[in-house]
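The structure under discussion appears below in the form of structure tokens.
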Amino acid sequence: MLSPAGPPGGILRAWRRHRHLSQLDLALEAEISQRHLSCLESGRARPSRAMLLHLAERLGIPLRERNALLLAAGYAPVFVERSLDDPALAPARRAVARILDGHAPYPALAVDRHWTLIAANAAVSPLLDGVDPALLAPPVNVLRLSLHPGGLAPRILNLGEWRAHLLDRLRRQVAASGDPVLARLADELADYSAPPGAPSGDGSGDGVAVPLVLALPAGRLSLLSTTTVFGTPVDITLSELAVEAFFPADPGTAALLHRLLPPLLPGDTDS
1 MLSPAGPPGG ILRAWRRHRH LSQLDLALEA EISQRHLSCL ESGRARPSRA MLLHLAERLG
61 IPLRERNALL LAAGYAPVFV ERSLDDPALA PARRAVARIL DGHAPYPALA VDRHWTLIAA
121 NAAVSPLLDG VDPALLAPPV NVLRLSLHPG GLAPRILNLG EWRAHLLDRL RRQVAASGDP
181 VLARLADELA DYSAPPGAPS GDGSGDGVAV PLVLALPAGR LSLLSTTTVF GTPVDITLSE
241 LAVEAFFPAD PGTAALLHRL LPPLLPGDTD S
């Protein structure tokens with residue numbers, strides 16, 4: 001993490017440099033003087049809690065790391081971290097469940113900050129037929145499941161392109177968060193060799209988005225993904241939760257998904 005034990009000024013400086021900002025850049029963004037920022041970073045001035053939160057917002061520091069920054073300065077953490085089972089998060093759990101269930105017959109799943117599977121709808125199950133059971137034992141890492149030779153990789157028809165897309169996305173997450181767990185995951189995934197007979201691809205394409213193209217026993221699927229996050233979270237757990245929803249990229253995929261998972265009849269699910 002970029003928020004180790006140490007003076008708050010050093011932590012701010014580390015995040016500023018991680019964001020490739022000069023002191024002047026950040027000072028202008030935060031609407032403070034460069035001299036004041038320099039004094040904060042060097043420890044010649046003690047930052048208020050409000051100033052730390054203001055600078056953390058300008059730097060896009062994750063909520064978890066904002067707490068670490070506050071603790072380093074001697075302030076109590078502001079952002080609460082609850083278990084997903086906490087009663088206070090019941091409305092959020094219901095919202096996620098509605099999104100997942102309402103997206104069927106198209107696949108959708110919820111993941112945490114490390115891409116650990118939190119929940120999935122019934123449409124995901126047919127895609128996993130034949131996957132190494134060891135990869136499906138909790139905790140399930142969705143990226144590992146996708147690119148591991150024992151996972152979906154042998155059935156991804158555009159593996160080179162999809163692999164390049166996922167690794168680029170993961171590396172951008174590492175750059176944004178400074179999370180060493182994600183960094184190790186990126187290194188692990190980059191070391192995976194292509195399974196025998198899998199198409200390598202060149203990672204290039206002329207479409208507007210990178211699809212996930214799967215060969216299933218029932219037929220070929222071409223899926224486009226979107227990501228949904230909570231817009232104004234003040235809880236660390238919610239800030240790190242994301243819903244990955246897949247949509248059919250062509251009519252044939254839509255028809256196949258409807259055949260794989262017929263829509264529920266009225267009364268088959270809770271309203």
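Quick note: the sequence shown, position 138, residue 138 per my numbering, numbers continuous.
All C-beta atoms in this analysis are idealised placements derived from N, C-alpha and C, irrespective of residue type, glycine included.
Every value quoted in this text rests on a predicted model; they were computed, and no experiment measured them.
When burial is assigned at 16 or more other CB atoms within 10 Å of the CB, is residue i buried or exposed?
i: residue 137; result: exposed
i: residue 239; result: buried
i: residue 60; result: exposed
i: residue 266; result: Residue placement at residue 266 is poorly supported in this model, since its pLDDT is 43, which falls under 50; the coordinates are not used for a value here.
i: residue 180; result: exposed
i: residue 237; result: buried
i: residue 143; result: buried
i: residue 234; result: exposed
i: residue 9; result: buried
i: residue 111; result: buried
i: residue 90; result: exposed
Taking the DSSP output, what are the residues bridged to residue i?
i: residue 156; result: 214
i: residue 141; result: 116
Kindly indicate the opening and closing residues of the beta strand (DSSP E) around residue i.
i: residue 244; result: 242–248
i: residue 272; result: Outside the shown range of the chain, which is 1 to 271, sits residue 272, and nothing can be said about it.
i: residue 76; result: Note, residue 76: premise wrong, no beta strand (DSSP E); not H, not E.
i: residue 118; result: 117–120
Could you work out which residue in the options is closest to residue i when comparing CA atoms only?
i: residue 30; options: 47, 15, 51; result: 51
i: residue 79; options: 70, 186, 18; result: 70
i: residue 133; options: 152, 7, 116; result: 152
i: residue 223; options: 83, 182, 120, 244; result: 244
i: residue 174; options: 163, 226, 186, 165; result: 186
Taking 7 Å as the cut-off, is the C-beta of residue i nearer than that to any heavy atom in the ligand NAD?
i: residue 100; result: Among the components modelled here there is no ligand, and therefore nothing to report on the ligand NAD.
What first and last residue would you give for the alpha helix (DSSP H) that runs through residue i?
i: residue 108; result: That residue, residue 108, is in no alpha helix (DSSP H); its beta strand (DSSP E) goes 108–111.
i: residue 60; result: Note, residue 60: premise wrong, no alpha helix (DSSP H); not H, not E.
i: residue 16; result: 8–18
i: residue 259; result: 251–260
Strictly under 8 Å for the Cβ-Cβ distance: is residue i near chain C by that measure?
i: residue 232; result: Among the chains of the structure shown, chain C does not appear; only one protein chain is present.
**OP:** Spell out a yes or no on whether the region 79–98 and the region 40–47 are touching, meaning 3 or more CB-CB pairs, one atom from each, closer than 8 Å.
**Re:** no
**OP:** Evaluate the contact criterion for the region 25–37 versus the region 62–73: three or more CB pairs, one atom per stretch, below 8 Å.
**Re:** no
Original post:
Is the number of C-beta pairs between the region 247–257 and the region 155–164 that are closer than 8 Å three or more?
Top reply: no
**OP:** Would you check if the region 207–221 and the region 123–136 touch, i.e. whether three or more CB-CB distances between them fall below 8 Å?
**Re:** yes
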